[in-house]
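Notes to accompany the following structure.
2 protein chains.
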Amino acid sequence: MSEDNRESSGIIDILKKRWSPRSFSNKNISDESLQRIFEAARWAPSCFNEQPWNFIYFRRGSESYNKLAAAIMDGNKPWSINAPVLVLTVARNSFERNGKSNNYAMHDLGMAVFSLTLQALSEDIYLHQLAGFDAKMTSEIFRIDDNFSPATVLAMGYLGDPEALPDSLKPSEKKRTGRKPISEFVFMNSWKKANNL
Amino acid sequence: MSEDNRESSGIIDILKKRWSPRSFSNKNISDESLQRIFEAARWAPSCFNEQPWNFIYFRRGSESYNKLAAAIMDGNKPWSINAPVLVLTVARNSFERNGKSNNYAMHDLGMAVFSLTLQALSEDIYLHQLAGFDAKMTSEIFRIDDNFSPATVLAMGYLGDPEALPDSLKPSEKKRTGRKPISEFVFMNSWKKANNL
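Each protein sequence line maps, in turn, to chains A and B. Throughout the first sequence, residue numbering follows our numbering, covering 557 to 753 in sequence. Throughout the second sequence, residue numbering follows our numbering, covering 557 to 753 in sequence.
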């Protein structure tokens, strides 16, 4: 049976704790924390152990941060650019081993991002991922090699006060957070065949 | 600084614990554990909260399990089909909201898989993911809708004795487990620019 509340879902605490806030405090993230966060990405599994994930991080107040912020779409901008750290995630599109297209690059990047998300959470650092940015512009600005594709921007920081957000953003804090019941995405023995759980 | 050993890497215990074994014990996975494992996938984040992940699970001994096993490439077969549960992961390729192609489907499936991996680990259930299977064949056998693509097979079970594996598989237990140093995939302010960590 699927619970509608992750608190009562029976999953482990670090997974219950995860959500995507829009308000971050002013507190900076230390280099030591960032190092552990990226170390967590490092140990994710990947197809042929290719580790196709790459990350560029930016600290608020730097010129580079502002350049990335300019590539974020307006709807995301008001909340994302109050994060002390932004990270541009970049997937390597081909295998290093043979140059062929890696159909698992995005999949494996996603695993690495989820891994670093939990390490961050364990230190009370929350992430909000966004896909609403101009990937082509970031490729040009940051001179990313042709063989690599920017995938997401991670806004990262300690929790802030949602009341400090502009009014237009407050209701969205609770938007689109529902989940499908397990019966809609878990099947037994064949596609769309009911599970036994 | 990157450590070559995840034990001393400073990351949280559940991430340190994760690895991909090739030997599983005979112990079955209960329905209750499977329910929690898929519940963990359920709470992963996704682009537009589309939740593009889908899973078909198979218990060892069933006809369906044997059909999936037949689609696994020979190199993976000797170890994967001793797992008590196999899961075929399936990504929805287009957005439900507007029918457009979802470039984050594999990314978000990867996050959901990593989430369920950690829930499983918390109950001493280990996963080994494999991409070496005939996806087209599984689409046909299990009548998966056109708009969905099989992505990986997850072999899932409690740890077994590696000594019980055929000799040809034993050395592979330790193969390809090295990781790139953080300096190779984490940059500050621009592509390939050294990080400060």
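Each residue gets a CB set at the ideal place from its N, CA and C atoms; glycine is no exception.
Query                                                                                                                                                    : Result
The stretch 565 to 581 of chain B: which residues have C-beta closer than 9 Å to a C-beta of chain A, in chain order?                                    : 565, 566, 567, 568, 570, 571, 572, 574, 575 and 576
Give me the residue from 607/A, 587/A and 581/A with the minimum Cα distance to residue 658/A.                                                           : 607/A
Going straight from the alpha carbon of residue 575/A to that of residue 692/B, what length do you get?                                                  : 35 Å
Assuming residue 609/A and residue 597/A make a contact with CB atoms under 8 Å, what is their CB distance in whole Å?                                   : 6 Å
Let me know the beta strand (DSSP E) ranges lying completely inside the stretch 596 to 668 of chain B, each 3 residues or longer, listed in chain order. : 609 to 615 and 641 to 648
Kindly say whether residue 625/B, judged by its beta-carbon, lies nearer than 8 Å to any beta-carbon of chain A.                                         : no
Note the first and the last residue of the continuous beta strand (DSSP E) segment covering residue 683/B.                                               : 681 to 686
Do we get a CB-CB distance below 8 Å when we pair residue 600/B with the residues of chain A?                                                            : yes
Have a look at 615/A, 604/A and 614/A and flag the residue whose alpha-carbon is nearest the alpha-carbon of residue 656/A.                              : 604/A
Please state whether DSSP places residue 733/B in a helix, a strand or coil.                                                                             : coil
Should residue 674/B and residue 570/B be called a contact, given that it needs their Cβ atoms to be closer than 8 Å?                                    : yes
Assuming residue 738/B and residue 752/B make a contact with CB atoms under 8 Å, what is their CB distance in whole Å?                                   : That belief does not hold up - the Cβ atoms of residue 738/B and residue 752/B are roughly 11 Å apart, past 8 Å.
With a threshold of 8 Å between beta-carbons, can residue 752/B be considered close to chain A, or not?                                                  : yes
Starting from the Cα of residue 572/B, find the closest Cα among 648/B, 677/B, 725/B and 649/B and give me that residue.                                 : 677/B
Report yes if the C-beta distance between residue 615/B and residue 640/B is below 8 Å; otherwise report no.                                             : yes
Ends of the alpha helix (DSSP H) at residue 571/B?                                                                                                       : 569 to 573
Just how far apart, CA to CA, sit residue 588/A and residue 701/A?                                                                                       : 28 Å
Quick one: what does DSSP say residue 558/A is sitting in, helix, strand or coil?                                                                        : Note that residue 558/A scores a pLDDT of 48, beneath 50, so its modelled location is shaky and nothing firm can be said.
With burial defined as no fewer than 16 other Cβ atoms inside 10 Å of the residue's Cβ, what is the status of residue 720/B: buried or exposed?          : exposed
Measuring CA to CA, which of 580/A, 697/A and 563/A is closest to residue 712/A?                                                                         : 580/A
Measuring straight from C-alpha to C-alpha, what distance separates residue 681/B and residue 669/B?                                                     : 14 Å
Output the distance between the C-alpha atoms of residue 602/A and residue 740/B, rounded to the nearest integer angstrom.                               : 16 Å
Assuming residue 703/A contacts residue 650/A (C-beta within less than 8 Å), just tell me the rounded distance between them.                             : 6 Å
Considering residue 691/A, what are the terminal residues of the alpha helix (DSSP H) in which it resides?                                               : 691 to 697
According to DSSP, is residue 577/B helix, strand or coil?                                                                                               : coil
Using 7 Å as the cut-off, classify the Cβ of residue 604/B as near or not near the heavy atoms of the ligand NAP, replying yes or no.                    : In the structure on display, the ligand NAP does not appear, and there are no ligands present to speak of.
What does residue 707/A touch in chain B if you count any residue whose Cβ is under 7 Å from its own?                                                    : 663
List the residues that DSSP assigns as beta-bridge partners of residue 706/B.                                                                            : 646/B
Distance, Cα to Cα, residue 613/B vs residue 745/A?                                                                                                      : 6 Å
Just grab the DSSP bridge partners of residue 566/B for me.                                                                                              : The partner list for residue 566/B (beta bridge, DSSP) is empty, contrary to what the question assumes.
Can you tell me whether residue 741/A is helix, strand or coil according to DSSP?                                                                        : coil
Tell me the DSSP secondary structure of residue 674/B in three-state form.                                                                               : helix
Under 8 Å between C-beta atoms, does residue 560/B make it to chain A?                                                                                   : no
Verify the CB distance criterion: does residue 639/B have a CB-CB separation below 8 Å to chain A?                                                       : no
Does the Cβ-Cβ distance between residue 685/B and residue 644/B come in under 8 Å?                                                                       : no
Is the shortest distance between the beta-carbon of residue 676/B and the beta-carbons of chain A less than 8 Å?                                         : no
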